[in-house]
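Student: Supplied in structure tokens, the structure appears directly below.
The structure is reproduced here in structure tokens:
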């Protein structure tokens, strides 16, 4: 009797397993659809046609790892996750490099899981690796952009992009929110150090090489795959030109002049194949960028030829008049394809779902945004890359290796600027020197 029950249990298990596999067999997964021989756009269209409304809404939302679990990413079919400057695996700011890989695995596994009958579209992870993979303690860190601008060496920027991409990939992450292409015209702006220069020609000269360093050469076989990652040109547009340097402020002036100065880096970045552009918190002539169809569609796409997807900034959609962090169809209608909703994702998901169901938000616009995201995901190799820990480029031992640090040391040497030397240098042996100020002994400021 005991053996009979064992056999019956085993048989029942086989039946249940066969039933569970039925959905997978009759409905190909997104990964399977993405690996067909069709052109990328056709593959994306096949995935889109098989998606539910809930999956489509999920794809246009990005949540912060501090405010969501892998299980929730799978449940809501979210298209992306990010780690903000204060987010790390396990909470806090510090985590072992392997913990980043483990969390990347957890999000990948949850997003590709298909028990609910969905397609299992992998979530893409974005990180603020803006001067190296700077959220990790052991990574190679480069000078801030304002210092690199002083080096005035586009070839060096290509090398920095290469190193940064390799170290991002080493931890299983796919995407960086860099480069910042702001042209800071007022040093009162608290983020002026994010700008390479107040000279738009230097910003323009840096944009292409850095994007190519991060993503690889456009059209090459390793474009955005292997050791390369997806780049983001940000913050479109005018973030460095706000009146009085006010953050999230207003850049005022002649439109052509604003585009000449503050758009200088975007043409080269797009020509190099940048696949995402991040909208700015700020306004141009009184219009908030997250709500500007003129800039996000007419100028960025129609005039500049951008073909990737537009991602918002940290709850930036809430800056649009009449919007909140959890309710803003206006941003999607204006041209935002992916909301950065770090801690507001759940409420935003619910409101978008209801707005599409009611007809307030046209399905055509949602489909357009999802298509753009799917195309980039396929183009970047995300849907065929496999579990992050199994990828060839995932290797935490390369973080901060001697070759990478040599590039960083060269960047430091080239970015140092001596304003005036009156018998100060060279330093004389035995001299007593006072180093004062808040940065005298501050690793954070260094």
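In my numbering, the protein residues as written are 106 to 551.
Beta carbons: idealized from backbone N, C-alpha and C, even for Gly.
1) Could you tell me the boundaries of the alpha helix (DSSP H) in which residue 519 lies?
2) With DSSP collapsed to three states, give me the class of residue 435.
3) Helix, strand or coil: which one does DSSP assign to residue 548?
4) Classify residue 540: buried if its beta carbon has 16 or more other beta carbons within 10 angstroms, exposed otherwise.
5) Can you list, in chain order, the residues of its chain with a C-beta nearer than 7 Å to that of residue 559? Leave out the 5 residues immediately preceding and following it.
6) Could you check what DSSP says for residue 170 in three-state terms: helix, strand or coil?
7) Would you report the Cα separation of residue 233 and residue 271, rounded to the nearest angstrom?
8) Check residue 298 in the structure and name its three-state DSSP category.
9) If you follow the alpha helix (DSSP H) that residue 384 is in, where does it begin and where does it stop?
10) If you pair each beta-carbon of the stretch 233 to 242 with each one of the stretch 467 to 476, do three or more pairs fall below 8 Å?
11) In chain order, which alpha helix (DSSP H) runs of at least 4 residues are fully inside the stretch 295 to 366?
12) Pick from 447, 522, 502 and 378: whose alpha carbon is nearest that of residue 254?
13) Beta-carbon separation of residue 509 and residue 268 under 7 Å?
14) Applying the 10 Å Cβ sphere with the 16-neighbour rule, what's the burial state of residue 258?
15) Where do the N-terminal and C-terminal ends of the beta strand (DSSP E) with residue 231 fall, by residue?
16) Extract the residue ranges of the alpha helix (DSSP H) inside the stretch 208 to 292, only unbroken runs of 4 or more that lie entirely within it.
17) Would you say residue 228 and residue 165 are within 7 Å of each other, going by their C-beta atoms?
18) Just verifying my parser: in three-state terms, what is the DSSP assignment at residue 115?
19) Using the three-state DSSP reduction, which class does residue 400 fall into: helix, strand or coil?
20) Residue 429 bridges to which residues according to DSSP?
21) Residues in the same chain with beta-carbon distance under 7 Å from residue 181, minus the five sequence neighbours each way, listed in chain order, please.
22) Go ahead and pull the three-state DSSP assignment for residue 463.
23) DSSP has residue 501 in a bridge; who is on the other side?
24) Ordered along the chain, which non-local residues of its own chain (more than five positions away) have a Cβ less than 6 Å from that of residue 174?
25) Between the C-alpha atoms of residue 440 and residue 514, what's the straight-line distance to the nearest angstrom?
26) Spell out the partners DSSP gives residue 392 in its beta bridges.
27) How far does the beta strand (DSSP E) with residue 199 in it extend, from its first residue to its last?
28) What residues are listed by DSSP as bridge partners for residue 444?
29) Under 8 Å, with one C-beta from each stretch per pair, do the stretch 138 to 157 and the stretch 484 to 496 reach the 3-pair mark?
30) Could you check what DSSP says for residue 449 in three-state terms: helix, strand or coil?
31) Give the straight-line distance between the Cα atoms of residue 483 and residue 211, rounded to the nearest whole angstrom.
32) According to DSSP, simplified to helix, strand and coil, what is residue 535?
33) I'd like to check one pair, residue 345 with residue 363: are the Cβ atoms closer than 7 Å?
34) Please classify residue 529: does DSSP put it in a helix, a strand, or coil?
35) Measuring only the C-alpha atoms, how far is residue 417 from residue 384?
36) Can you name the start and end residues of the beta strand (DSSP E) that residue 186 belongs to?
Tutor: In brief:
1) For residue 519, the enclosing alpha helix (DSSP H) starts and ends at 507 to 520.
2) helix
3) Look at residue 548 here: in three-state DSSP terms it is coil, with no helix or strand label.
4) That one is exposed.
5) Because the chain in this structure spans residues 106 to 551, residue 559 falls outside the shown range and cannot be described.
6) coil
7) 15 Å
8) helix
9) Note, residue 384: premise wrong, no alpha helix (DSSP H); beta strand (DSSP E) at 381 to 384.
10) Touching, no, given that fewer than three Cβ pairs across the two stretches are closer than 8 Å.
11) 305 to 320
12) Per the Cα distances, 522.
13) yes
14) buried
15) 229 to 232
16) 250 to 256 and 259 to 275
17) no
18) Note that residue 115 has pLDDT 36, beneath the 50 cutoff, so the model's placement of it is unreliable and the number below is only indicative. Looking at residue 115 - three-state DSSP - the assignment turns out to be helix.
19) If DSSP states are grouped into helix, strand and coil, residue 400 belongs with the helices.
20) In the DSSP assignment, residue 429 is bridged to 432.
21) Same-chain partners within the cutoff: 163 and 454.
22) helix
23) Looking at the DSSP assignment, residue 501 forms no beta bridge with any residue, so it has no partner.
24) none
25) 40 Å
26) 389
27) For residue 199, no beta strand (DSSP E) segment is defined, and its DSSP state is neither H nor E.
28) 166
29) yes
30) Under the three-state reduction of DSSP, residue 449 is assigned to coil, being neither helix nor strand.
31) 20 Å
32) Of the three classes helix, strand and coil, the one that applies to residue 535 here is coil, per DSSP.
33) no
34) coil
35) Inter-residue distance for residue 417 and residue 384 is about 5 Å (C-alpha atoms, whole angstroms).
36) Per DSSP, residue 186 is one residue of the beta strand (DSSP E) stretching across 185 to 188.
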